[in-house]
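Comments concern the structure below.
In my numbering, the protein residues as written are 5 to 242.
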């Protein structure tokens with residue numbers, strides 16, 4: 005439960021950066037919210053948990069977290085593999101059902117149909133949910149499609165710090181522990197990040213609920229407020 009999250013959050017993360025300096029560790033910032041306002045509604049239903057399998061839970065988590073955090077050398081050789089996938093030559097898109105499934109149906113040259121979930125489309129859907137502060141749904145979607153979970157905090161950093169309690173309350177305790185375990189200081193959306201090539205269209209900061217965009221004045225006012233809220237959180241973290 006929360007004790008596990010505390011242990012994970014404290015493991016190797018005793019250094020906290022100031023708001024004016026380098027980017028602070030998101031684990032420490034979210035951990036402060038976890039301690040001050042623990043999740044009142046943990047999910048008692050194992051079927052509702054994201055990471056479940058017949059294999060040992062520890063082994064499954066290790067495998068999934070390794071997939072979420074590819075090595076730097078692998079990223080350099082993979083190029084755009086973080087958001088681009090290969091398709092059989094001659095295949096074409098025949099359907100893309102509405103909804104949150106992000107499913108795209110391809111027809112192969114032989115006539116057979118294949119369903120795929122393009123990474124860029126999943127990122128855009130996660131960004132939309134995060135912009136609406138639907139953190140629980142965004143987490144489930146990101147975990148189902150094995151996105152790097154750092155995207156959950158990188159999308160609106162540092163604004164997410166000011167809504168840390170909402171973030172913690174909307175995610176069951178077990179899934180929150182997995183997020184804390186997988187977070188890293190480096191942003192996956194920054195230049196050189198695994199999803200940097202998708203940031204320009206899938207993770208645009210101006211995206212808001214309903215597909216609209218904030219005016220320049222609204223954006224500046226919101227960023228100012230978020231900086232003030234983030235500063236308070238960082239001061240509480242010590």
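Yeah, the Cβ is synthetic: ideal placement off N, Cα and C, and Gly gets one too. Computed from a predicted structure; not experimentally measured.
Under 9 Å between the Cβ atoms of residue i and residue j?
| i | j | result |
| --- | --- | --- |
| residue 140 | residue 105 | no |
| residue 108 | residue 158 | no |
| residue 320 | residue 138 | Outside the modelled stretch of the chain, which goes from 5 to 242, sits residue 320, for which no answer is possible. |
| residue 153 | residue 187 | yes |
| residue 315 | residue 123 | With the chain represented from 5 up to 242, any question about residue 315 goes unanswered, as that position is not in the structure. |
With H, G and I counted as helix, E and B as strand and the rest as coil, what does DSSP make of residue i?
| i | result |
| --- | --- |
| residue 175 | coil |
| residue 107 | coil |
| residue 198 | coil |
| residue 125 | helix |
| residue 134 | helix |
| residue 186 | helix |
| residue 165 | helix |
| residue 180 | helix |
Any Cβ of chain D within less than 9 Å of the Cβ of residue i?
| i | result |
| --- | --- |
| residue 171 | Absence of chain D from the displayed structure is noted, only one protein chain being present. |
Which residues bound the alpha helix (DSSP H) around residue i?
| i | result |
| --- | --- |
| residue 99 | Looking at the DSSP string, residue 99 is not in any alpha helix (DSSP H); the run it does join, the beta strand (DSSP E), is 96-99. |
| residue 158 | 155-158 |
| residue 140 | 139-148 |
Use the C-beta contact count for residue i: other C-beta atoms within 10 angstroms, 16 or more gives buried, fewer gives exposed.
| i | result |
| --- | --- |
| residue 99 | exposed |
| residue 183 | buried |
| residue 90 | exposed |
| residue 194 | exposed |
| residue 101 | exposed |
At which residues does the beta strand (DSSP E) containing residue i begin and terminate?
| i | result |
| --- | --- |
| residue 120 | 117-120 |
The stretch 123-132 / the stretch 163-183 touching (three or more Cβ pairs under 8 Å): Between the stretch 123-132 and the stretch 163-183, the count of C-beta pairs closer than 8 Å stays below three; the two stretches do not touch.
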